[in-house]
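2 protein chains.
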Amino acid sequence: MYARTPADLGRLVRWRRRALARTQQALADQVGVSRQWIVRLEAGRSTLEVGLVMRTLRALGLTIEISDPAEPAPVVLPHRPIDLDEVLAAVRRNP
Amino acid sequence: MYARTPADLGRLVRWRRRALARTQQALADQVGVSRQWIVRLEAGRSTLEVGLVMRTLRALGLTIEISDPAEPAPVVLPHRPIDLDEVLAAVRRNP
DNA sequence: CAGACTTGTCATCGTTCGGCGACATCAGCT
DNA sequence: AGCTGATGTCGCCGAACGATGACAAGTCTG
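Protein chains in written order, with numbering that gives the first Met the number 0: chain A, 0 to 94; chain B, 0 to 94.
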């Protein structure tokens, strides 16, 4: 899940918190912030402390990865992997 | 590159900025912040505005991905792909 | 080495953040 | 419908953020 803006972040945090069936207060207690701060984060406020944001993501069991999108995408295996043994057996039967 | 703390972020931003051969002032101008703010970010300050941090990462051509580490890692191909034609030719020569 | 450029540090100012308390509103259950 | 718990909103206060200017220190090049 990509986060381009604080609004993206806010939506993500709310979704995750609900997925974990947690209240704003419980999350706030875990992170060590006020419930109102969680409300602001979920509302997509851009002026929040980045350190607290990172702690909150961590409290939700999420990781933050920063990467360069210009790097080539990893090659993805086809849905049905080729059965190498089958191919080799066929060649052995009929080279 | 995972970022767990603002200090991680700061190191990453500095590394990337230097990789792009940019000065702090140039980056600051691009993002619309003061140079001193960039200094603080690179120093790993935790109390900076998250919106500005996200904008800075974007200005450096970086993306932010938030994910659940419990999800299975994607299958990655080995560094040297198997040359199927070679394998098949070998079997044809010596089944 | 000197000079130019870059980065680090400090202090000040106006604005606003985060915590708090309080209340309003919404959501779910019986 | 009433009740309970969860969430949204508002205002106030002290702390500190971000911009600015200035200077110190570090780095690089000819």
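A virtual CB, placed ideally from N, CA and C, is assigned to each residue, including glycine.
- Backbone secondary structure at Thr55(B) - three-state DSSP: helix
- Give a yes or no on whether 8 angstroms exceeds the smallest Cβ distance from Ile65(B) to chain A. yes
- For Ala42(A), go through chain B and note every residue whose CB falls closer than 9 angstroms to its CB, in chain order. Residues of chain B passing the Cβ test: none, with the nearest at roughly 13 angstroms.
- Query: Where does Arg105(B) land, buried or exposed, given buried means 16+ other C-beta within 10 angstroms?
  - Reply: In this structure chain B extends from 0 to 94, so residue 105(B) is not present and cannot be described.
- Message: Rounded to the nearest angstrom, what separates Ser45(A) and Ala20(A) at their Cα positions?
- Response: So the alpha carbons of these two residues sit roughly 25 angstroms apart.
- Task: Just mark Pro5(B) as buried or exposed, buried being the case when its beta carbon has 16 or more other beta carbons within 10 Å.
- Result: So Pro5(B) counts as buried.
- Query: Between Ala2(B) and chain A, is there a C-beta pair that is closer than 8 angstroms?
  - Reply: yes
- Spatial distance of Gly43(A) from Leu51(B) (CA atoms): Distance between the alpha carbons of Gly43(A) and Leu51(B) is about 13 angstroms.
- Message: By the DSSP assignment, the alpha helix (DSSP H) with Glu41(B) in it spans what residues?
- Response: Arg34 to Glu41
- Query: From the beta carbon of Thr46(B), is the nearest beta carbon of chain A less than 8 angstroms away?
  - Reply: yes
- Message: Any beta carbon from chain A within less than 8 angstroms of Leu61(B)'s own beta carbon?
- Response: Yes, Leu61(B) counts as interfacial toward chain A.
- Task: Put Ala20(B) into one of helix, strand or coil per three-state DSSP.
- Result: coil
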